[in-house]
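Counting from 1, one number per residue, gives the positions in the sequence shown under the UniProt record's numbering.
Built from N, CA and C at the ideal position, the CB exists for glycine as well.
Fair warning: this is a prediction, and the values are worked out from it, not measured in the lab.
Below: the structure, in structure tokens.
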Amino acid sequence: MAKYHLEIYTRPTCSDCQDLKKFLEGHHIPHKQYDLAKQPSKEKDLIKITGNRIVPALVFSDPSLLRLVRKPKSMIGFERNKDEIKRLLNVG
């Protein structure tokens, strides 16, 4: 079972978003992607989770039943958080 369920919020004009998607695909990391240009209604979810509209946003949630008591971990930006993302995803 995966340690985390990953959701990402992106925009097509965001270069950091494109780098994140390449990284996840290159490491075969399963994730759910929300392209805010195609799914503008998801922007409200993003604001609720992170408090802003900045992308890329990553949301790590517990896939087990503990998700009912644990708040999802969110972060904004790929390059500045790359080391922590690798750690959370157990990628070398």
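Query	Result
Exposure label - Leu-58; buried when at least 16 CB within 10 Å	buried
Cβ pair Pro-56, Gly-26 closer than 9 Å	no
Residue environment, residue 93, which counts as buried when at least 16 other CB atoms sit within 10 Å	Nothing in the structure corresponds to residue 93, since the chain is present only between 1 and 92.
For Asp-45 and Lys-32, the rounded distance between their alpha carbons	14 Å
Reduced DSSP category for Asp-62 - H, G, I as helix; E, B as strand; rest coil	coil
Cβ neighbours of Ser-74 in the same chain (closer than 7 Å, five flanking residues each side left out)	Ile-49, Thr-50, Ala-57, Leu-58 and Val-59
Contiguous alpha helix (DSSP H) assignments of at least 4 residues, all confined to the UniProt domain "Glutaredoxin" (7-60)	15-26 and 42-50
Pro-30 to Asn-52 span [Cα, whole Å]	25 Å
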